[in-house]
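If you're matching them up, the sequences are chains A and B in order.
One gets this note's numbering by counting positions in the first sequence from 1 and adding 70 to each.
One gets this note's numbering by counting positions in the second sequence from 1 and adding 23 to each.
A virtual CB, placed ideally from N, CA and C, is assigned to each residue, including glycine.
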Amino acid sequence: MRRDRLRRASSRRLPATGLALATLVASLLAIGLAAWSPEPSAEESTPRPVTVGSKKFTESVILGETLRLLALDAGHPARHRAELGGTRILWGALLSGEIDIYPEYSGTLVREILAGEDVSSPELLAAALAARGVRASASLGFENTYAIAVPEPLAEQLGLQRISDLRAHPDLRLGFSSEFLERADGWPGLRQRYRLPQTRVQGLDHDLVYRGIAAGHLDVTVVYTTDAEIARYGLRMLEDDLGYFEDYQAILLYRAELAAAAPAAVAAFRRLEGAIDAPTMAGMNGAVKLEGDSEQAVAARFLSEGLGLAVRVSGQGFWSQLGQRTLEHLGLVGVSLGAAILFAVPLGVLAAQNARLGQLILGITGMIQTIPSLALFVFLIPWLGIGWLPTVVALFLYSLLPIVRNTHAGLMDIPVPIRESADVLGLTRGARLRLIELPLAANTILAGIKTSAVLNVGTATVAALIGAGGYGQPILTGIRLDDTALIMQGAVPAALLALGLQGLFEFAERWVVPRGLRLQPTGGARADAGHDLASPRA
Amino acid sequence: MLRFEGVFKDYGGTPALAGVDLDVAEAQTTVLIGPSGCGKSTLLRLAAGLIRPDRGQVWFEGARLDAANLRPARLRMGYMIQDGGLFPHLTIRSNVSLMARRLDWTRARCEQRLAELADLVQLPAAMLGRYPIELSGGQRQRVALMRALMLDPDLLLLDEPLGALDPMIRFELQRELKAIFARLGKTVLMVTHDLAEAVFFGHRIVLLRAGRSVQQAEPRVLLDSPAEPFVAQFVAAQREPQRVLLGAGG
Ligand SMILES: Nc1ncnc2c1ncn2[C@@H]1O[C@H](COP(=O)(O)OP(=O)(O)O)[C@@H](O)[C@H]1O
Ligand SMILES: [Mg+2]
């Protein structure tokens, strides 16, 4: 009776491996697409929605929140895509229309974004921007420029007052934000101008710089003049005696068409011109970074105290926020992984069928894997914009290698006698693949999918940098605010999700991998002697 | 039935077959024998269309074996190799009836044929629901034979079918196989490296050496009148254990 049921189950299992895989993919895609809800499209009659962008440092996020609240107050639906990586991502998103406005600094605009163009007069600058469909506001009233800073005791001990004084101390350890280290108006130019001899130069995240200083790993760093940490960590800003650092006035960059499409919003934004002085900005930065206020609350307080606007502040509960991030993360992982399975398994099959093609396929997918994730995201932005789509595409590309490689290896590992037995039986190539080879390789293929899934959950956290949300958002904010609890709010669920997916696939194994492959050999030799000698003919 | 005409086969520079002519007689068992590496398996794989000759031709049932008629030809062949080549992920039932099911045999017809074959090869019916890994080596070879016989082929190709078994089981299966071949009247082309097995099964024995056929004859003739010294040497080498034993005893 039992055996009979088992037998029927196993004869039905012939096409079951394919079916099971297909179900798996379908459910991944379903999870992903269900989790991803596209932004509601604007109706004709409602006011134009305004999307604000900000860079991934506190001041930019506060200004972004301020802009969002202003747009809301002006009657426009508004959305803030906070903490999008760096200048390139924001500028690209502005040009492509994925954001309408973001806070920028005049020096960055002139020396970085429009580097190599003649923008020496305000008219030339406006023309260069207009050619790109962009306008700039006047200064918001404060400057946030780079300054070179040294811990007060060290500055005292070495007698450091001006940047030129650094020249006499070649052994000092320098640590700069990665952006400063690379950009044209950053470290390379500074070193040249001041003929600085230091060779121990390290690049790290701006938010980690202060921790490096506090821990004594660094002697000299670069700060923004409105950073609240300068006072907190007791740093001395060195005088820019050769006048290297340019003017970095805070400005707003917005799309020219916004002025026509949402004049009320633009008018509201421009109320910020000249409205924020440096102490005010540093105070707001400090409130967020040192006192733990939310950017939204700080922005609202400024609007009511500085501009006399009463804005409503809406908070989101911990669980609803966690739920939303989980959905975002699942959306990214589900769709990219599902699509990768659909694409990578056939690629692996192809690679196993033709050695030369196989080398090519494995070579290319391997090469993709070596591209740093942030670089790949940025690379995709010109085509795919920011947010969900480029992230899914990047995660999809990263998911290919483990699946392709394992499919290829699983098929290549099938013993030649088995493959040839299938041929001589008269099975066609397709039937051999479907009925014999894929089921035999199922275990290995599934292991590849499992690897991809776990990597995918991890890599997806980086996607917060290009506005895809998910568990990366609190991690990003936590790093920025030096808030370990906040980092955990992203890191713990991400780890749990990875574990959960792994468990899911382990469960799927029972179902995808044929039973005959899961059995352990039970002393074949014993059974051999036992049965055959006892058989009636012996 | 099956004929090789001047067949050459090279594996990247080393000749595996250097001009073999061979006629496999209908309803008889032809045994290929010779030292390891002489090309026995290569000849069998040519017959199954797993590889193609560099020169020369393979004829099967009056037609040249080529890509166009390979599949129908294979449905008329049964193939069995040393460790069975069974599919580990399928039950014995599915292993044996896989191709018949692909050819749209009804379930009832499959079951009937399975029962016949299980009876023929002395496999307990209870084993049909098991997986290959749950069977002994001898049982696996019986299943491999069932699979080879399922579609009632005209030609059986066997590459050292009993090579992996221990001597007692091997001895038993030899006798059973021979009885089955005699009963079914199949054309059999079998590879072995064991002269005693060749003599036991073969209506004709083909002795190969370095890719060439040295002698094709009935067992008696091969033993009594070797065509060249190599044949005599080969025969003598295989009799060595007996000679030693007899010498020691007498
Ligand atoms: N796939 C292969 N690639 C390269 N050489 C092979 C291959 N198969 C067989 N050979 C070589 O061809 C010769 C004949 O092999 P084979 O027919 O398997 O010999 P046997 O008589 O032992 O069955 C041997 O020298 C063997 O090494
Ligand atoms: Mg061989």
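Terminal residues of the alpha helix (DSSP H) in which Phe-83/B lies: In the second sequence, the residue the question calls residue 83/B occupies position 60. Unbroken run through Phe-83/B is the beta strand (DSSP E), 78-83; no alpha helix (DSSP H).
Ala-202/B: CB within 7 Å of a non-hydrogen atom of ligand 1: What you label residue 202/B is simply residue 179 of the second sequence in a count that begins at 1. Not so, every heavy atom of ligand 1 lies at least 7 Å from the Cβ.
Contacts around Ser-120/B, its chain only, beta-carbon distance under 8 Å, and the 5 residues preceding and following it disregarded: What you label residue 120/B is simply residue 97 of the second sequence in a count that begins at 1. Cβ neighbours of Ser-120/B beyond the five flanking positions: Trp-128, Cys-133, Arg-136, Leu-137 and Met-173.
Closer than 7 Å: Val-494/A CB and nearest ligand 2 heavy atom: Working through the first sequence from its first residue, we reach residue 494/A at position 424. No, the Cβ of Val-494/A stays beyond 7 Å of every heavy atom of ligand 2.
Cα-Cα separation, His-399/A to Gly-540/A: Locating residue 399/A in the first sequence gives position 329, where the first residue counts as 1. Locating residue 540/A in the first sequence gives position 470, where the first residue counts as 1. Their backbone Cα atoms lie some 4 Å apart in a straight line.
Distance cut-off 7 Å: Val-214/B Cβ against heavy atoms of ligand 2: Along the second sequence, read from residue 1 onward, the residue named residue 214/B stands at position 191. Yes - ligand 2 has a heavy atom lying nearer than 7 Å to the Cβ of Val-214/B.
Cutoff 8 Å: Gly-586/A Cβ touching any chain B Cβ: For the purposes of this step, residue 586/A is taken as the residue at position 516 of the first sequence. So yes, Gly-586/A belongs to the interface.
Residue environment, Tyr-34/B, which counts as buried when at least 16 other CB atoms sit within 10 Å: Locating residue 34/B in the second sequence gives position 11, counting from the first residue. It is exposed - the Cβ of Tyr-34/B has fewer than 16 other Cβ atoms within 10 Å.
Minimum Cβ-Cβ distance from Pro-264/B to chain A less than 8 Å: Counting from 1 along the second sequence, the entry for residue 264/B is found at position 241. Not one chain A Cβ lies under 8 Å of Pro-264/B.
Heavy atom of ligand 2 within 7 Å of Asp-217/B beta-carbon: As a first step, residue 217/B must be located in the second sequence, where it is residue number 194. False, no ligand heavy atom lies under 7 Å from that Cβ.
Residue closest to Leu-305/A, alpha-carbon to alpha-carbon, out of Gln-319/A, Tyr-280/A, Ser-469/A and Pro-119/A: Residue 305/A sits at position 235 when you count from the first residue of the first sequence. Selected option, being the one with the closest Cα: Tyr-280/A.
Burial state of Met-437/A, where buried means 16 or more other Cβ atoms lie within 10 Å: Residue numbering aside, residue 437/A sits at position 367 when the first sequence is read from its first letter. Exposed, since its Cβ has fewer than 16 Cβ neighbours within 10 Å.
Same chain, Cβ closer than 6 Å to Gln-319/A, neighbours up to 5 away in sequence not counted: Within the first sequence, the letter at position 249 stands for residue 319/A. Ser-176, Ser-209 and Glu-213, listed in sequence order.
Any heavy atom of ligand 1 nearer than 5 Å to the CB - residues listed: Tyr-34/B, Ala-39/B, Ser-59/B, Gly-60/B, Cys-61/B, Gly-62/B, Lys-63/B, Ser-64/B and Thr-65/B
Heavy atom of ligand 2 within 7 Å of Asp-182/B beta-carbon: Reading the second sequence from its first residue, position 159 is the one you call residue 182/B. Yes, the beta carbon of Asp-182/B sits closer than 7 Å to at least one heavy atom of ligand 2.
Backbone CA spacing between Ala-597/A and Leu-146/B [nearest angstrom]: Here residue 597/A is taken as the residue at index 527 of the first sequence, counted from 1. Here residue 146/B is taken as the residue at index 123 of the second sequence, counted from 1. With a pLDDT of only 40 at Ala-597/A, under 50, the local geometry of the prediction cannot be trusted, and no value is derived from it.
Simplified DSSP assignment, three categories, for Ile-346/A: Counting from one through the first sequence, the residue named residue 346/A turns up at place 276. If DSSP states are grouped into helix, strand and coil, Ile-346/A belongs with coil.
Cut-off 6 Å between Cβ atoms - residues of its own chain near Ile-192/B, not counting five sequence neighbours on either side: To locate residue 192/B, count along the second sequence from 1; it is residue 169. Cβ within range, chain order: Gly-161.
Residues near Glu-263/B by beta carbon distance below 8 Å, same chain, minus five either side: Working through the second sequence from its first residue, we reach residue 263/B at position 240. Nothing listed; no residue qualifies.
Sub-8 Å separation of Leu-274/A and Ser-247/A beta-carbons: The count along the first sequence starts at 1 and reaches residue 274/A at position 204. The count along the first sequence starts at 1 and reaches residue 247/A at position 177. Cβ atoms of Leu-274/A and Ser-247/A: closer than 8 Å.
Where Gly-428/A falls: helix, strand or coil (DSSP): Taking the first residue of the first sequence as position 1, residue 428/A is located at position 358. In this structure, Gly-428/A counts as helix in the three-state DSSP scheme.
Cβ-based neighbour list, Leu-556/A, same chain, cut-off 6 Å, excluding 5 preceding and 5 following: In the first sequence, residue 556/A corresponds to position 486, counting from 1. Taken in chain order, the residues that qualify are Pro-544, Thr-547 and Gly-548.
Secondary structure of Val-532/A, DSSP reduced to three states: For the purposes of this step, residue 532/A is identified with residue 462 of the first sequence, where counting begins at 1. Three-state result, Val-532/A: helix.
Contact check, Leu-377/A vs Lys-126/A, beta carbons under 8 Å: Counting from one through the first sequence, the residue named residue 377/A turns up at place 307. Counting from one through the first sequence, the residue named residue 126/A turns up at place 56. No, they are not a contact pair.
C-alpha gap between Tyr-468/A and Val-220/A, whole angstroms: If you number the first sequence from 1, residue 468/A lands on position 398. If you number the first sequence from 1, residue 220/A lands on position 150. The straight-line gap from Cα to Cα measures roughly 41 Å.
Chain A residues whose Cβ lies nearer than 8 Å to that of Asp-106/B: Looking up residue 106/B in the second sequence gives position 83. By Cβ distance, chain A contributes Pro-487.
Member of Trp-389/A, Thr-440/A, His-287/A and Val-120/A whose CA lies at the smallest distance from the CA of Gln-559/A: The residue labelled residue 559/A in the question sits at position 489 within the first sequence. It is Trp-389/A.
Whole-Å CB distance - Gly-72/B paired with Leu-88/B, under 8 Å assumed: The sequence position of residue 72/B within the second sequence is 49, counting from 1. The sequence position of residue 88/B within the second sequence is 65, counting from 1. That pair is a contact at about 6 Å.
Bounding residues of the beta strand (DSSP E) (the contiguous stretch that carries Glu-251/B): The residue you call residue 251/B lines up with position 228 of the second sequence. That residue, Glu-251/B, is in no beta strand (DSSP E); it is neither H nor E in DSSP.
Residues in the segment 458-480 of chain A having any Cβ partner in chain B nearer than 7 Å: none
Beta-carbon separation (whole angstroms), Leu-98/B vs Gly-496/A, contact threshold 8 Å: Along the second sequence, one-based indexing puts residue 98/B at 75. Along the first sequence, one-based indexing puts residue 496/A at 426. Confirmed, about 5 Å.
8 Å contact criterion, which His-478/A and Gly-418/A should meet: CB distance rounded: Within the first sequence, numbered from 1, the residue matching residue 478/A stands at position 408. Within the first sequence, numbered from 1, the residue matching residue 418/A stands at position 348. Yes, they are in contact, since the Cβ atoms of His-478/A and Gly-418/A sit about 5 Å apart, within 8 Å.
Residues, ordered as in the chain, of the segment 116-129 of chain B that lie near chain A by beta-carbon distance below 7 Å: Arg-116, Ser-117, Leu-121, Met-122 and Arg-125
Per-residue DSSP class, three states only, for Arg-265/A: Working through the first sequence from its first residue, we reach residue 265/A at position 195. Three-state result, Arg-265/A: coil.
Proximity winner among Val-254/B, Leu-158/B and Pro-38/B, relative to Arg-228/B (alpha-carbon distances): The residue you call residue 228/B lines up with position 205 of the second sequence. Looking at the sequence provided, one finds Ile at residue 228/B rather than Arg. Looking at the Cα atoms, Val-254/B is the closest of the given residues.
Burial state of Trp-453/A (16 or more Cβ within 10 Å): As a working mapping, residue 453/A is identified with position 383 in the first sequence. Exposed: under 16 other Cβ atoms inside 10 Å.
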